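Undergrad: Mind having a look at this structure? Questions to follow.
Residue numbers (the working numbering), protein chains in the order written: chain A, 2 to 899; chain B, 10 to 237.
What follows is the structure, encoded as structure tokens:
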């Protein structure tokens with residue numbers, strides 16, 4: 002037992018329980034080629050160095066050179082040669098190993114199946130015997146060989162693993178070492194030929210080594226190792242499962258249909274997913290039937306899907322004729338592990354015609370865990386938010402008139418047919434009329450047409466004619482069959498019509514949402530998003546729309562299309578109610594229906610961000626139910642988009658606050674350091690003079706007095722800088738420009754610096770054609786003094802600081818170059834910030850952190866620029882100043898005057 | 010035996026200068042280093058008798074220097090720093106510094122601290138008796154007297170007093186005292202400490218409200234002052 006592998010109390014207990022038994026350490030990998038054998042051999046060598054008796058029972062190097070190299074120095078047990086069906090096999094010599102009795106035995110490929118005729122069928126059984134003999138075993142294992150994962154692995158990778166071993170072997174292991182390698186690296190190794198692949202399995206193996214498979218396997222290995230190691234590791238996994246992309250995470254899928262308890266299904270799924278840390282998705286399938294559902298049922302589906310999004314799930318709408326096939330295909334595509342469905346309901350006369358979706362899902366979804374949730378109605382069917390939706394479908398007078406006309410036309414046609422054909426053929430003309438009515442006007446007019454046709458047929462064409470009596474049995478049958486046929490045709494044709502309409506509507510809706518998503522995503526600022534929202538919503542409902550957002554004085558209009566400034570009191574009250582209750586309010590809703598506007602809350606997972614109001618062009622009108630659903634979805638999307646922009650500005654505000662705080666603490670630390678450092682020397686030197694005057698010689702006394710003076714001056718400079726900066730900041734420092742010679746200015750600064758920096762030599766080189774400058778000489782001298790002071794502070798003693806000034810075509814360029822450590826590229830702009838120093842602690846040559854900021858302030862006040870560049874040959878620092886060229890000096894005028 | 014050797018590690022030349030002058034005037038032999046690396050190297054090459062260390066060094070934090078020095082040596086360390094927060098003091102002391110002087114400081118104060126930490130360490134064992142004012146603490150015989158009268162102390166009170174007297178004149182941090190007296194599990198239970206220090210003061214101090222024997226270093230710890 003080494004230091005780092007300290008056993009847990011549980012492990013110690015388990016150890017006590019099977020005293021005398023060897024310890025099993027498993028090197029667990031996600032896939033072949035991750036380096037299990039290599040790690041095992043490395044560990045073996047560590048043990049060898051600790052003089053532990055290690056013997057390799059069986060090691061498969063698969064010809065990998067690095068692995069083979071590790072075999073040198075290890076005692077290898079000669080394999081047992083076995084002949085089976087004319088082939089020679091080499092197996093681990095169990096008896097020899099038991100006889101040899103090492104402290105540790107290395108056994109590669111724990112899941113290996115022994116050649117028939119060996120003592121045990123499986124290698125892990127050999128290992129059991131070795132362990133029982135009190136020999137420790139180091140073994141390797143790939144995760145896909147675990148019995149319980151066998152089917153999962155097959156499902157994920159499509160490869161059936163034949164060599165398996167019971168999970169109990171892994172769970173009995175005393176130690177598991179997870180050998181982890183990212184999938185990309187593993188695939189790289191595969192391509193480099195570093196992974197052993199048997200010839201006959203080459204193709205299957207290449208399918209197996211897809212990034213998706215490997216990620217999934219890797220996660221399984223991690224999971225198993227984590228489950229085994231301890232709760233801490235599980236927490237770690239959890240934390241990562243949430244934070245990072247774990248593509249093979251468990252995913253639960255819930256199927257939503259128009260059932261009353263659809264919301265409950267969503268919540269059940271959410272809870273299950275939370276417990277397992279799984280991702281989840283709600284799916285609904287749009288088929289021909291669902292398109293003709295009534296409005297309440299459509300609402301329930303839409304509500305359940307929105308609930309899923311609000312609860313943090315994902316919502317997907319699938320298209321397809323076969324619900325079960327669509328669901329299963331999607332589940333496979335998304336790697337779902339579990340499917341949640343509601344219990345089958347009695348579905349009326351269709352119920353006994355075919356099996357329910359749930360039953361068929363259970364039957365066909367063999368490779369998924371299917372959870373059927375009981376149908377107890379936890380949430381009662383809630384009252385629809387919009388009473389208007391319940392309004393009866395208005396009577397379609399036009400359609401009915403069309404039915405009458407069509408029947409009349411068919412009757413006319415009947416008279417024509419009657420001349421040449423038998424009476425029964427006339428029914429075809431009537432059927433044609435019914436069909437045309439059904440397709441163009443819908444079910445009700447078609448039924449009317451059927452009945453009208455029946456009576457017309459009876460009245461005009463069956464004997465006795467012009468009466469409703471029928472004498473001939475044959476005609477009775479014809480009439481009855483006609484009626485049945487007419488009803489069926491009208492039913493089918495009208496359904497076709499509904500479907501076509503629904504499909505068109507669905508396409509419109511998708512396009513609309515897509516458009517909206519695109520517009521909103523493109524908008525960067527809150528105003529842009531709001532404008533996109535109101536514009537799009539107004540266009541969609543063919544009316545007006547506005548967004549209200551909370552401000553200091555409650556809700557106020559943030560955007561409107563067409564622009565709107567004020568709301569009537571009733572509407573304002575409705576908006577407030579919608580905002581505070583998170584439910585629709587206003588026109589057509591259950592609350593304040595008399596208001597002119599209808600308001601929907603803009604809700605996100607973190608709460609409401611505002612409300613959206615809509616109004617149709619005609620005050621009395623209400624959005625159609627379909628529009629209403631679309632509106633709700635748009636509101637959701639708009640809410641998320643608004644939240645996104647507010648989050649961005651929140652982050653920005655937080656960043657600014659942090660920055661301000663950083664500046665403040667930098668200022669404090671700078672002040673405390675830079676004010677105190679000279680004080681320390683002054684106090685120290687002064688108190689030395691006072692306390693030990695008698696013990697000091699003359700030169701020491703002079704030294705101390707000099708220290709006091711120098712440091713007092715330093716303090717003074719710092720205070721001066723502080724004052725300058727304050728004046729610069731408040732705009733009180735205005736350059737008083739006059740003609741000045743740059744040589745004088747630089748010379749004065751060099752003179753001041755020289756007293757402080759005796760250890761540096763300063764070289765000044767000013768071009769001969771340098772004109773007189775129109776500057777504030779005092780301020781500019783301060784600039785050069787600060788720059789030279791800096792250079793001497795940072796550059797090592799004995800080096801040269803160079804000032805080089807020249808005139809270029811555009812400006813006066815002055816460089817101050819030192820041979821110090823230089824400024825990192827990312828800091829070159831920041832050094833000019835107030836109180837910025839490359840290092841923010843007091844572990845720093847005393848500097849004001851103000852000098853460069855002051856330089857920038859002064860130079861910019863002169864209309865120039867200052868920047869930091871790398872020095873000559875990239876070493877040291879070069880501060881580059883550009884000053885504007887001076888105006889032409891009219892000496893003639895001056896002399897003329899003088 | 011020559012003069013005690015003091016190594017000053019500070020990046021400010023002016024500070025090194027006046028320390029060199031005043032320490033020299035007091036008969037110490039002074040060597041200097043401007044960086045942490047140089048300081049550590051000098052300690053390893055030829056351990057001085059005392060290290061005076063600035064915390065704000067250009068190449069490494071002084072706190073790290075304390076740890077690095079303590080790996081090889083238990084020479085006395087006095088920390089000088091502008092950092093005046095208790096947090097920094099406690100950290101330095103916990104890392105093994107013997108004393109902490111906040112800049113700016115008077116040289117006389119520093120010299121007094123230097124004398125305390127340089128007091129021959131053998132003396133601690135020999136000085137089983139610590140005297141201060143009228144109080145006499147006999148560590149070997151476990152007897153405390155005040156003005157000649159023997160005082161009765163509870164066991165914990167005695168343990169606490171013994172720890173303080175064992176390193177008289179040194180600041181001992183709360184954590185250190187708690188660990189010594191109550192054990193490692195109680196290093197954060199400063200309430201214990203305050204209660205017992207208060208009891209000790211009631212018994213030992215002439216004026217418990219203005220202690221002169223067991224003095225408080227606010228936020229850092231306690232120091233038992235020996236009579237000069």
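Backbone N, C-alpha and C define an ideal beta-carbon position, used for all residues, glycine too.
Only a predicted model underlies this, so the values are computations on that prediction, with no experimental measurement involved.
Enumerate in chain order the residues of its own chain whose CB-to-CB distance from residue 788 of chain A is below 6 Å, with the five nearest sequence positions on each side excluded.
TA: Within the same chain, residue 788 of chain A has close Cβ partners 817, 880.
Undergrad: Would you list, in sequence order, the uninterrupted alpha helix (DSSP H) runs of no fewer than 4 residues that lie entirely inside the stretch 500 to 564 of chain A?
TA: Taking only runs of at least 4 residues, the alpha helix (DSSP H) segments lying wholly in the stretch 500 to 564 of chain A are 527 to 542.
Undergrad: Taking DSSP as the reference, what is the three-state secondary structure of residue 143 of chain A?
TA: Strand at residue 143 of chain A.
Undergrad: Buried or exposed: which applies to residue 254 of chain A, given that a residue is buried once 16 or more other Cβ atoms fall within 10 Å of its Cβ?
TA: Counting Cβ neighbours within 10 Å, residue 254 of chain A comes out buried, since at least 16 surround it.
Undergrad: In chain B, which residues lie less than 8 Å from residue 903 of chain A when you measure between Cβ atoms?
TA: Residue 903 of chain A lies beyond the stretch modelled for chain A, which goes from 2 to 899, so this question has no answer here.
Undergrad: What's the gap between the Cα of residue 686 of chain A and the Cα of residue 778 of chain A?
TA: Cα to Cα, residue 686 of chain A sits roughly 36 Å from residue 778 of chain A.
Undergrad: Using 8 Å as the cut-off, can you tell me whether the stretch 123 to 142 of chain A makes contact with the stretch 166 to 176 of chain A, which would need three or more C-beta pairs spanning the two stretches below that distance?
TA: Touching, yes.
Undergrad: Can you round the beta-carbon distance between residue 166 of chain A and residue 32 of chain A to whole angstroms, since I take them to be within the 8 Å contact cut?
TA: That pair is no contact at about 16 Å.
Undergrad: Can you pull the chain A neighbours of residue 91 of chain B, defined as C-beta to C-beta under 8 Å?
TA: Near residue 91 of chain B (Cβ distances below 8 Å), the residues of chain A are 673, 674, 677, 678, 681, 843.
Undergrad: Give me the Cα-Cα distance between residue 929 of chain A and residue 110 of chain A, rounded to the nearest whole angstrom.
TA: In the structure as shown, chain A begins at 2 and stops at 899. Residue 929 of chain A is therefore absent and cannot be evaluated.
Undergrad: What residues match up with residue 65 of chain B in a beta bridge as DSSP calls it?
TA: Note: residue 65 of chain B sits in a beta bridge opposite B:70.
Undergrad: Taking 8 Å as the CB-CB cut-off, is residue 760 of chain A touching chain B?
TA: Taking Cβ atoms only, chain B never reaches closer than 8 Å to residue 760 of chain A, which makes this a no.
Undergrad: Count Cβ pairs between the stretch 89 to 106 of chain A and the stretch 68 to 75 of chain A that sit closer than 8 Å; are there 3 or more?
TA: No: fewer than three Cβ pairs fall under 8 Å.
Undergrad: Check whether the stretch 586 to 603 of chain A and the stretch 513 to 521 of chain A are in contact - that is, three or more C-beta pairs closer than 8 Å.
TA: As far as the Cβ criterion goes, the stretch 586 to 603 of chain A does not touch the stretch 513 to 521 of chain A, which means the pair count is below three.
Undergrad: For the stretch 124 to 206 of chain B, which segments carrying the beta strand (DSSP E) assignment without a break, of at least 3 residues, lie completely within its bounds, in sequence order?
TA: Whole beta strand (DSSP E) segments, 3+ residues: 138 to 141, 144 to 147, 152 to 155.
Undergrad: Give every residue of the same chain whose Cβ lies closer than 8 Å to the Cβ of residue 1 of chain A, excluding the five residues on either side of it in the sequence, and list them in chain order.
TA: Only positions 2 to 899 of chain A appear in this structure, which leaves residue 1 of chain A out of reach.
Undergrad: Are residue 576 of chain A and residue 614 of chain A closer than 8 Å when you measure CB to CB?
TA: Cβ distance < 8 Å, so residue 576 of chain A and residue 614 of chain A count as in contact.
Undergrad: Are there 16 or more other CB atoms within 10 angstroms of the CB of residue 657 of chain A, so buried, or fewer, so exposed?
TA: So residue 657 of chain A counts as exposed.
Undergrad: Please classify residue 855 of chain A: does DSSP put it in a helix, a strand, or coil?
TA: Looking at residue 855 of chain A - three-state DSSP - the assignment turns out to be helix.
Undergrad: Use the C-beta contact count for residue 116 of chain B: other C-beta atoms within 10 angstroms, 16 or more gives buried, fewer gives exposed.
TA: Classification for residue 116 of chain B: buried.
Undergrad: Would residue 138 of chain A pass as a contact of residue 128 of chain A if the rule is Cβ separation under 8 Å?
TA: Taking 8 Å as the Cβ cut-off, residue 138 of chain A and residue 128 of chain A qualify as a contacting pair.
Undergrad: For the alpha helix (DSSP H) that residue 30 of chain B lies in, which residues bound it at each end?
TA: It spans 22 to 34 - the alpha helix (DSSP H) in which residue 30 of chain B sits, taken as one unbroken run.
Undergrad: So residue 820 of chain A is in the alpha helix (DSSP H); what residue range does that whole segment cover?
TA: Per DSSP, residue 820 of chain A belongs to no alpha helix (DSSP H) and is neither H nor E.
Undergrad: Would you identify the three-state DSSP class for residue 786 of chain A, choosing helix, strand or coil?
TA: Residue 786 of chain A falls in the helix class under three-state DSSP.
Undergrad: Using a Cβ-Cβ distance under 8 Å, would residue 706 of chain A count as near chain B?
TA: No, residue 706 of chain A does not count as interfacial toward chain B.
Undergrad: Taking a Cβ distance cut-off of 8 Å, strictly less, list which residues of the stretch 15 to 27 of chain B are near chain A, in chain order.
TA: Those would be 20, 21, 23, 24, 26, 27, in chain order.
Undergrad: Given the structure, does residue 230 of chain B come close to the ligand COA, in the sense that its CB is under 7 Å from one of the ligand's heavy atoms?
TA: With respect to the ligand COA, the structure shown offers nothing to examine, as it has no ligands at all.
Undergrad: Would residue 116 of chain B pass as an interface residue toward chain A - the criterion being a Cβ-Cβ separation below 8 Å?
TA: Interface residue, yes.
Undergrad: Using beta-carbon positions only, say whether residue 138 of chain B and residue 59 of chain B come within less than 8 Å of one another.
TA: No, the Cβ-Cβ distance between residue 138 of chain B and residue 59 of chain B is not below 8 Å.
Undergrad: Whose Cβ in chain A lies nearer than 8 Å to the Cβ of residue 35 of chain B?
TA: Here the neighbours are 693, 696.
Undergrad: At 4 residues or longer, what runs of the alpha helix (DSSP H) sit wholly inside the stretch 403 to 477 of chain A?
TA: 427 to 442, 444 to 457, all fully within the stretch 403 to 477 of chain A.
Undergrad: Do you know offhand how far residue 494 of chain A's Cα is from residue 481 of chain A's?
TA: Distance between the alpha carbons of residue 494 of chain A and residue 481 of chain A is about 20 Å.
Undergrad: For a contact defined as C-beta to C-beta under 7 Å, what are the partners of residue 30 of chain B on chain A?
TA: 689, 697, 701, 704, 705, listed in chain order.
Undergrad: List, from N- to C-terminal side, the alpha helix (DSSP H) runs of 4 residues or more that fit wholly inside the stretch 668 to 748 of chain A.
TA: For the stretch 668 to 748 of chain A, whole alpha helix (DSSP H) runs of length 4 or above, ordered along the chain, are 699 to 731.
Undergrad: Can you tell me which residues form a DSSP beta bridge with residue 57 of chain A?
TA: The partner list for residue 57 of chain A (beta bridge, DSSP) reads A:77, A:107.
Undergrad: Closer than 8 Å by beta-carbon distance: list the chain B residues that pair up with residue 662 of chain A, in chain order.
TA: Those within 8 Å of residue 662 of chain A in chain B number zero; the least Cβ separation is about 18 Å.
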